[in-house]
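The structure appears below as structure tokens.
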Amino acid sequence: QALADNPSSASLEGFLWPDSYQKTASTDPSQIVAEALVEMQQHLTTDIRNGFATQGLSVYQGVTIASIVEQEVPGQSDRNQVAQIFLKRLQIGMPLGSDVTAYYAAAQAGAAPSLSYDSPYNTLLHTGLPPSPIGIVSVGSLEAVAHPANTDWLYFVTGDNGTTHYAQTLQQHNANVSEYCQKLCTQD
Numbered sequence: 009q010a011l012a013d014n015p016s017s018a019s020l021e022g023f024l025w026p027d028s029y030q031k032t033a034s035t036d037p038s039q040i041v042a043e044a045l046v047e048m049q050q051h052l053t054t055d056i057r058n059g060f061a062t063q064g065l066s067v068y069q070g071v072t073i074a075s076i077v078e079q080e081v082p083g084q085s086d087r088n089q090v091a092q093i094f095l096k097r098l099q100i101g102m103p104l105g106s107d108v109t110a111y112y113a114a115a116q117a118g119a120a121p122s123l124s125y126d127s128p129y130n131t132l133l134h135t136g137l138p139p140s141p142i143g144i145v146s147v148g149s150l151e152a153v154a155h156p157a158n159t160d161w162l163y164f165v166t167g168d169n170g171t172t173h174y175a176q177t178l179q180q181h182n183a184n185v186s187e188y189c190q191k192l193c194t195q196d
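The working numbering numbers the first residue of the sequence shown as 9 and each following residue consecutively.
This is the structure in structure tokens:
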């Protein structure tokens, strides 16, 4: 079952496979949840599970990172690169630094979107993984975490035109932000 590896306190966040389920108004919600969990289990293939293990991750941790990757970048090649960055940051004890986790943290508390909202979910402020996934995942984000790119990037920024730029150093990253991200990077 999809939830077998989850902590007992875990919610269903990130483990309900996103799909269109043909039901009627009288369908019991638990039936829809059960079907979404079965779908998720089918996508947590042996290859995905083994890939997570190769990265030193439990299934729960792999899905958590995949949920962040899912929201950070839309393209598969970018997902593989961003997954590599998050895995490397996790390995060296560097904060993941994901804006989407900060926004999730604020939304969970009913606060306005903010990069500075202090919560264990805010990976701009805290090292390690957030306590749980922050949203849905796709096959692409699961595969990206199971089989990340083989690079040594530590930073990325998606520019105003949707193109993602990578850097090895903070100085290079700041130059990318200055050059490519005038609008999106000034939002809090």
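Even glycine gets a Cβ: it sits at the ideal position worked out from N, Cα and C.
- C-alpha distance - Glu151 paired with Ile56, whole-angstrom precision: If you number the sequence shown from 1, residue 151 lands on position 143. If you number the sequence shown from 1, residue 56 lands on position 48. Taking the straight line joining both Cα atoms gives about 6 Å.
- Task: Mark Gly59 as exposed unless 16 or more other C-beta atoms lie within 10 angstroms of its C-beta, in which case mark it buried.
- Result: Counting from 1 along the sequence shown, the entry for residue 59 is found at position 51. Gly59 comes out buried.
- C-alpha distance - Ser127 paired with Val145, whole-angstrom precision: Here residue 127 corresponds to residue number 119 of the sequence shown, with the count starting at 1. Here residue 145 corresponds to residue number 137 of the sequence shown, with the count starting at 1. The alpha-carbon atoms of Ser127 and Val145 are separated by roughly 22 Å.
- Message: Extract the residue ranges of the alpha helix (DSSP H) inside the segment 69–157, only unbroken runs of 4 or more that lie entirely within it.
- Response: 84–100, 107–116, 147–154
- Query: Who does Thr172 pair with in a DSSP beta bridge?
  - Reply: For the purposes of this step, residue 172 is identified with residue 164 of the sequence shown, where counting begins at 1. DSSP lists Thr166 as partners of Thr172.
- Item | Option nearest Ala91 by Cα separation, candidates Gly170, Asn158, Asp168 | Translated into positions along the sequence shown, residue 91 becomes position 83. Of Gly170, Asn158, Asp168, the residue nearest in Cα terms is Asn158.
- Task: Decide if Asn169 is buried, meaning its Cβ has at least 16 other Cβ atoms within 10 Å, or exposed.
- Result: Reading the sequence shown from its first residue, position 161 is the one you call residue 169. Classification for Asn169: exposed.
- Message: So, with DSSP's three-state summary, where would you put Pro26?
- Response: In the sequence shown, the residue the question calls residue 26 occupies position 18. Three-state DSSP puts Pro26 in coil, outside helix and strand.
- Helix, strand or coil at Ser66 [DSSP, three-state]: In the sequence shown, counting from the first residue as 1, residue 66 sits at position 58. Residue state, collapsed to three classes: coil.
- Query: Among Tyr163, Gln190, Ala114, Cys193, which has the Cα closest to the Cα of Gln179?
  - Reply: Here residue 179 is taken as the residue at index 171 of the sequence shown, counted from 1. Selection Tyr163, Gln190, Ala114, Cys193 evaluated against Gln179 yields Tyr163 as nearest (Cα-Cα).
- In three-state DSSP terms, what is Ala33? Locating residue 33 in the sequence shown gives position 25, counting from the first residue. Three-state DSSP puts Ala33 in coil, outside helix and strand.
- Query: Which residues in the same chain as Thr131 place their Cβ atom closer than 7 Å to its Cβ, once the five residues preceding and following it in sequence are excluded?
  - Reply: Translated into the one-based positions of the sequence shown, residue 131 becomes position 123. Result list for Thr131: Pro103, Leu104, Gly105, Ser106, Thr109, Pro138, in chain order.
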